[in-house]
Structure formats: C-alpha cells, structure tokens
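I have placed the structure first, in the form of structure tokens, so that the comments after it can refer back to it.
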Amino acid sequence: MDKIRVRFAPSPTGFLHVGNVRTALFNWLFARQNKGTFVLRVEDTDAERSSVEYEDNLITSLKWLGLDWDEGPESGGPFGPYRQSMRQDIYSPYTQRLLEEGKAFYCFCDPEELERNRKEAMASGKMPIYSGKCRTISIKEAKDRQAKEKTAVVRLKTPDEGTISYKDIIRGHLSFDLKLIGDPILVRSNGRPAYNYAVVIDDALMKITHIIRGEDHISNTPRQLLTYEALSMEPPQFAHLSMVMGQDNTRLSKRHGATSIDQFDKDGILPESLFNYLALLGWSHPEEKEILTKSELVKAFNLNHLSRSAAIFDYDKLHWLNRQHIKVLSTRDKAEKACPFLKAVGFMPEKMSDEIWAWLGEAVEDLIEGADRFSDLPEKFSPFFDFNPEDMDRESREILETECGRKVVTLLSAKISHTEQFDYDIFASFAKEIKDETGCKGKDLFHPLRIALTARTSGLKLDRFIYLVEEGVRLSFPRPIKSCTQRIAEVLDFMG
RNA sequence: GCCCCUGUCGUCUAGCCUGGUCUAGGACACCGCCCUUUCAAGGCGGCAGCACGGGUUCAAAUCCCGUCGGGGGCGCCA
Numbered sequence: 006m007d008k009i010r011v012r013f014a015p016s017p018t019g020f021l022h023v024g025n026v027r028t029a030l031f032n033w034l035f036a037r038q039n040k041g042t043f044v045l046r047v048e049d050t051d052a053e054r055s056s057v058e059y060e061d062n063l064i065t066s067l068k069w070l071g072l073d074w075d076e077g078p079e080s081g082g083p084f085g086p087y088r089q090s091m092r093q094d095i096y097s098p099y100t101q102r103l104l105e106e107g108k109a110f111y112c113f114c115d116p117e118e119l120e121r122n123r124k125e126a127m128a129s130g131k132m133p134i135y136s137g138k139c140r141t142i143s144i145k146e147a148k149d150r151q152a153k154e155k156t157a158v159v160r161l162k163t164p165d166e167g168t169i170s171y172k173d174i175i176r177g178h179l180s181f182d183l184k185l186i187g188d189p190i191l192v193r194s195n196g197r198p199a200y201n202y203a204v205v206i207d208d209a210l211m212k213i214t215h216i217i218r219g220e221d222h223i224s225n226t227p228r229q230l231l232t233y234e235a236l237s238m239e240p241p242q243f244a245h246l247s248m249v250m251g252q253d254n255t256r257l258s259k260r261h262g263a264t265s266i267d268q269f270d271k272d273g274i275l276p277e278s279l280f281n282y283l284a285l286l287g288w289s290h291p292e293e294k295e296i297l298t299k300s301e302l303v304k305a306f307n308l309n310h311l312s313r314s315a316a317i318f319d320y321d322k323l324h325w326l327n328r329q330h331i332k333v334l335s336t337r338d339k340a341e342k343a344c345p346f347l348k349a350v351g352f353m354p355e356k357m358s359d360e361i362w363a364w365l366g367e368a369v370e371d372l373i374e375g376a377d378r379f380s381d382l383p384e385k386f387s388p389f390f391d392f393n394p395e396d397m398d399r400e401s402r403e404i405l406e407t408e409c410g411r412k413v414v415t416l417l418s419a420k421i422s423h424t425e426q427f428d429y430d431i432f433a434s435f436a437k438e439i440k441d442e443t444g445c446k447g448k449d450l451f452h453p454l455r456i457a458l459t460a461r462t463s464g465l466k467l468d469r470f471i472y473l474v475e476e477g478v479r480l481s482f483p484r485p486i487k488s489c490t491q492r493i494a495e496v497l498d499f500m501g
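Numbering-wise (this note's numbering), the first sequence opens with residue 6 and increments by one.
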C-alpha cells in the first residue's frame, strides 16, 4: 500500500476553533500512527475574507497544541506551493482538457437568473439544481463568446440519472441521487477555481490518500468524486467527522466562550489537556482509558472507531483532564506555567530570582491541588500578597466578633509579640495554650486563628501557609508579603 | 421546502456489524459518606440512559419499517 498522506486544509478567515482543530488532530494522529505524511495547506483563495493575521494565528495554534506537519506553507515540500493563492496557474491545463473532452462546458447564465431559479425551485418544494441550459452551446461558439464577453464560468457536466456512491471510513456506504446534483462550477468568471475544483486537483496533485474532514463536507463529496472521475484521477478515501457543538447543542460560535484555540492558553489549559480532550470527543480508548498522552493516543487511535453523531464540548471534563495533566508536571514546569498568570496580577516580579523560583515552586505544589487551570492561581495566591483586614468578607468579620474570636485573636497577638522567630511549631503550641486558656476549641478556635493570619475563612493548610509566609517575607516581591506578626497586629487593630 | 448525516444516563462514551453473557459498563457533572479541627483535592458509594411506535424472532439497545428530535448541505464562500 502507498504511504499514507493526509492534509489539513483550513481557510484563514477567522480564529481557529475547537471543531477545526479536532479535524487537524485526527488527521495528525492518523498520519503519525501510520508513519504517514501530514500536510498543511492554507486555502486562502477568498482574498476578501482571508488574512495573514488569521494564518499566523492558525499556525501558532496548531503548534501550541503540539501538531507538526511535514509539508506546509513555510516548510515547503515536494508538492508545493501549499498556499492555495499561489497555485492559481496550475488548474487551467486541467480545465482545458475537460473542456476539450466535452466533460466540462462554458456557462453564460446570469447569476441573478440562477438565483431566481433557485428560489423558485425551493418555493415549489424542489431541490435547487442548475438546469443544464448552457450544455448545448457548442464549444466553438462558447469560446468565441467567452473571448468577447469574458463572463462565462466553467461547469462540470454531470450525469442526470443513476446514483453515485462511495464507502466512507466512518459512515459506511453512502449514496446520492445524481438527479439532485447539478453541474457544479469549476472555474468562476474571474478565472479562479471554485473550492470544489481546487480541492480535488490539489489533493490529487499532493497525492493525498485519505481525506479526513468535517461532516459539513459530506454533500460536497459526490461532486468531488465526479470531478475525480472526469479527470481520470483515482479518488482518495474519505472519512467524515461528526461536528462539535456548544453546550446548548447549537453550532459552535463566539458566545460559547473559549472556542478559539488561543483562548485556552490564556485560561491556563495545558495543550496536552486539550489534545487529550479533543481526541476523546468522538473516539474512545479500547480499554476506556481517559487520561492519555500524545504518544499513547498515537498508538491507540483508530479511525474506524469514530462516533458518527455530533458531540457537545464539555468544559467540566476538559478541566478535569487538565487537572490530571497538571498533576504529573514537574515542580519546575508547574512554576513556569503558573508564573505568567501571577505576573499578570503583579504578584511575581518581572525578573525572577532563583530564590523566588524556589519559593514559587513550593507554593505552586501546595496551591495547584484542586485547581482546574493555572488561571485559578492568582485567586489562590492572594492570601499571601493581598492581605488586608479591610477587605474581609462578612463571615470573617462575624467570626471575629464572637466571644471566642475576640479572645483568641487578642491572646494570639499577645503571645506572638514576645516571639522573634515564628513558625508552625510555635503556632501549634500557641494554639494549644489558647485553647486551654480560653476554652475555645475546634472551629471556634481554628477559624479565628486562620482569619488572623489570612483574613479569610478558608485556604491552604496553616502549616504550609505559615511556612510559605515566613519564607516569603524575606524575598523581594513587587508586593511584599507581610509577616505573621504583622498580619495578626493588623487584624487586632482592625477589630479595635 | 428538498437532499444527506445522526439519535444509549444531564454530558462524553462502551456495547450494535457477528441478536441471548446487558437486571446496559466506564468517565465528567451532581448527591452522600470517609479523610481533613476549614475549603478544595483524594478515597468510597449513590442517582441517572437504550427517543417513540410498529414489526421480524423463542429472544432486540443490537435486524427491518415508520414517526419524532438534533445537525449539516442546497453560492461565481471555503
């Protein structure tokens, strides 16, 4: 069997979203699994809507996700160019041949007239199909007219009877009634190839063996098959992927939140998490394993076992997977991933010293527990850098006003004022003494103690918190960490 | 409107091809318990589904037909 070649052919007319990227990912998995070739082809023929900005975004997003391609716009390859706008002159020899062989013809129909026909057909409950009106114009007459008017499009002559069918890798046998397929436009009146024509020639020339694309292309397939046939070219195999939907079961769009790939990075989702999640949307591991690395996915992936029905994108599950992938990161990696998020809120300095990296590493190990995303971290770090009794919530204030609250904080303050070096052991012995002296215990004891140190009712375990605060006091953060002694003093002061 | 695809817990899915082993398995979410003198995480457990209606068959989630629901397509867009 020939070496497998697949392609991802996006048009740079918007930010890459999860549906498209999943298509890219399945192509990539299939290529890598079969030691085949993954081609990136940019379909930028629509000059109106395409932009370099989107193309850059597309490439950045694919790379971020960990997809690499063997042939593509910047890397080149034996079947280039890989940017469709640079392939304009390769189509016309094929068009001439089809015209000469009588497999295609010039059509002079007015677009407005066609539009009218379409509307009429729909209104009378029929499928709108090109009438075949210009088929009978002789090639000589057509060429003369075209030379003068330059308004003709080239259409493929398709059979009027029978069916065309093929075997889809995912959906099995699919067949279409030829009566319902009009003569598709191959070349527009401005001389540029239409999509359905360009893809066929590009895919054929690039020797693509498997076309893995979205379900929205199913109805293009019979037209493309007919084109391959007219061209006497061997068609590739097709696999049509189900769509990815938003939570409300409608087509993915901006209002569904983070559907553009770069947004996931901004939200603190690891690329390997998105990768893993997207692979699981429509495919499942034979042993139903869910937390999978890229190489495990390459090994286990199977194009034949894809779901045929659309899937809803579920952020909860993505976040859960993200947590699993974060967990196995090294301390250093966790710290590095966390750093930009903490810099953004001014917790970390622009220039990180070794001491601060070390502190951050320890802190991250404690605080990432139970966090879904790195973007959760600023909130989790705020007890260190944003300590201010004024900002306490109602619950904390109320606890401080209780009898135990007042007694515990006052006593703690008195005890700590005699202490040079504070640590958790000292804190623990204070706590025991306070318990004995006040009779406050359990929640009544530990809640006020926590509030005195953090100005919050919940958070990190206090042994780790005290350790990190006392370590952090000595480091130069943009917003210095206040010592435990100072915190307690401020809370007491606040209580009046 | 017409054509095509699709329909298992709220969500992602296993099972369907090769009917019985399915009183339908797993995961996320949710609920409860345990752990923890907080919250989360973690451990354990629970709730919850074969869209509906007809066939075929001794037997149907699995095969056939219909209905309904969802999606896609019907461009000189890609």
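The beta-carbon is built from N, C-alpha and C at its ideal position, and this holds for glycine as well.
All values reported here derive from a predicted model rather than from experimental measurement.
| query | result |
| --- | --- |
| Nonlocal neighbours in the same chain, by C-beta distance under 7 angstroms from P17, ignoring five residues either side | V47, D49, S55, S56, Y59, E60 and L63 |
| Sufficient close CB pairs (3 or more, under 8 angstroms) joining the stretch 123-130 to the stretch 93-112 | no |
| Bridge-paired residues (DSSP) for M248 | For M248, which the question treats as bridged, DSSP gives no partner whatsoever. |
| Among R378, D359 and C489, nearest to S278 - alpha-carbon criterion | R378 |
| Secondary structure, alpha helix (DSSP H): runs of 4+ residues fully inside the stretch 293-348 | 299-305 and 320-332 |
| Neighbourhood of K533 by C-beta, 6 angstroms cutoff - its chain only, sequence neighbours within 5 removed | With the chain covering 6 to 501 only, the question about residue 533 has no answer from this structure. |
| In chain order, each alpha helix (DSSP H) run of at least 4 residues that lies wholly inside the stretch 76-156 | 97-105, 116-128 and 144-154 |
| Outcome for I324 when other beta-carbon atoms lying within 10 angstroms are tallied against a minimum of 16 | A quick correction: the sequence has His, not Ile, at residue 324. H324 comes out buried. |
| For I174, three-class secondary structure by DSSP | coil |
| Secondary structure, alpha helix (DSSP H): runs of 4+ residues fully inside the stretch 409-450 | 429-443 |
| Sub-8 angstroms separation of S247 and R150 beta-carbons | no |
| Separation of Y282 from Q242, as counted between CA atoms | 26 angstroms |
| Anticipated Cβ contact below 8 angstroms, L311 with W288, distance rounded | 5 angstroms |
| Rounded C-alpha distance that separates G196 from A349 | 51 angstroms |
| Residue(s) in a DSSP beta bridge with F181 | I169 |
| P198, DSSP secondary structure in three states | strand |
| Alpha-carbon to alpha-carbon, L45 and A14 | 6 angstroms |
| Between the CA atoms of W364 and E476 - distance to the nearest angstrom | 8 angstroms |
| Pair within 8 angstroms by beta-carbon distance, R27 and L286 | yes |
| Beta-carbon proximity check, Q229 vs N254, cutoff 8 angstroms | no |
| Straight-line gap, F472 to A376 (C-alpha atoms, nearest Å) | This sequence places Tyr at residue 472; Phe is not what is there. Rounded to the nearest angstrom, the two C-alpha atoms are 21 angstroms apart. |
| Nearest residue (CA-CA) to K153, options K487, S194 and K356 | S194 |
| A209 to T226 span [Cα, whole Å] | 14 angstroms |
| Residue interval of the beta strand (DSSP E) (run including I217) | H215 to G219 |
| K131 versus R37: straight-line alpha-carbon distance, rounded | 45 angstroms |
| Rounded straight-line distance, which links the Cα of N32 to that of E76 | 13 angstroms |
| Whole-Å CB distance - A368 paired with L34, under 8 angstroms assumed | Their Cβ separation, rounded to whole angstroms, is 37 angstroms, which puts A368 and L34 out of contact at 8 angstroms. |
| Contacting residues, own chain, Cβ-Cβ under 7 angstroms from E220 (five flanking each side not counted) | H245, L246, S247 and M248 |
| Contact between the stretch 397-410 and the stretch 448-468 (3+ Cβ pairs under 8 angstroms) | yes |
| Minimum C-alpha distance to V3 - residue among I223, Y99 and F280 | Lying outside 6 to 501, the shown extent of the chain, residue 3 is not represented and no answer is given. |
| Cut-off 7 angstroms between Cβ atoms - residues of its own chain near D182, not counting five sequence neighbours on either side | T168 |
| Whole-Å CB distance - F482 paired with F352, under 8 angstroms assumed | 7 angstroms |
| Cross-strand partners of V11 (DSSP beta bridge) | F43 and H215 |
| Nearest residue (CA-CA) to D468, options L454, I486 and L480 | L454 |
| Given K446 as reference, the closest of E408, C112, I486 and F306 once Cα atoms are compared | E408 |
| Nearest residue (CA-CA) to M250, options K304, P189 and I317 | I317 |
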